[in-house]
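A.B. asks: The structure that follows is given in the form of structure tokens.
Residue numbers (our numbering), protein chains in the order written: chain Z, 830 to 941; chain P, 169 to 280.
Written as structure tokens, this is what we have:
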């Protein structure tokens, strides 16, 4: 079955530390990948998406993600996190048809 | 402002009392979907709609109904709520799934 795995459920970082959140998907065909962010008490917002072309995707707020097809991965990165990046991050995959599959989420806490 | 509007934001109800959570979007999106969010499980799709009068089950449809009589509205109906339906519910819409979703603000439902 198609699935999206986020291996880190909780991450704690200090401000200015670098961030990398892992995401792996299981699907062998064409896939569109997304990262969403959910700030405390708010709805999900789209951070960035990979559709095709350059596998390094830049999103809002200094986030980027790299699509590595051979590893079925789409890891989210940020060189220097801020306290305001404290949130839950969801990786998602659209594999065609009418379904988008979400990972279980990673809670990031940034210490000031 | 382009948005997805859900109501109510919070709801506490008793087992068996029918309820409806409304969802409306002003972006003329054809695709709409309902998700529930539970800790450690991420977002799971309940139902989706590809257009007016066209709906289909997601991964966890049991105990829920939907309708799509107008393009902008996609209400979620719980005919006989049970405590295991206590969750955070999100409505989302999309012009095209490869572009990602716009989410509503969420409805926190508690069934006692």
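Note that beta-carbon positions come from the ideal geometry of N, C-alpha and C, so glycine has one too.
Computed from a predicted structure; not experimentally measured.
1. Report yes or no: do the region 895-907 of chain Z and the region 180-190 of chain P share at least 3 C-beta pairs separated by less than 8 angstroms?
2. Check the Cβ of residue 266 of chain P against every Cβ in chain Z and list those closer than 7 angstroms, keeping chain order.
3. Determine contact between the region 254-265 of chain P and the region 231-239 of chain P, defined as no fewer than three beta-carbon pairs at a distance below 8 angstroms.
4. Quick check on DSSP: helix, strand or coil for residue 911 of chain Z?
5. What are the start and end residues of the beta strand (DSSP E) that includes residue 878 of chain Z?
6. At a cut of 8 angstroms, does the region 905-920 of chain Z reach the region 253-260 of chain P through at least three beta carbon pairs?
7. From Z:843, Z:846, Z:857 and Z:866, pick the residue whose C-alpha is nearest to that of residue 921 of chain Z; which is it?
8. Residues in its own chain within less than 6 angstroms of residue 278 of chain P by CB, not counting five upstream and five downstream?
9. Could you work out which residues of chain P lie near residue 872 of chain Z, taking near to mean beta carbons separated by less than 7 angstroms?
10. Using three-state DSSP, classify residue 275 of chain P as helix, strand or coil.
11. Distance cutoff 8 angstroms, beta carbons only. Does residue 933 of chain Z sit that close to anything in chain P?
12. Quick one: does residue 928 of chain Z have its CB under 8 angstroms from some CB of chain C?
13. What three-state label does DSSP hand residue 891 of chain Z in the structure shown?
14. When DSSP labels each residue in this structure, what does residue 185 of chain P get in the three-state scheme?
C.D. replies: By the coordinates alone:
1. no
2. 861, 880 and 923
3. no
4. coil
5. 873-879
6. no
7. Z:866
8. 180 and 254
9. 258, 271, 272, 273 and 274
10. strand
11. yes
12. Absent from the structure: chain C. Protein chains present are Z and P.
13. helix
14. It is coil, neither helix nor strand.
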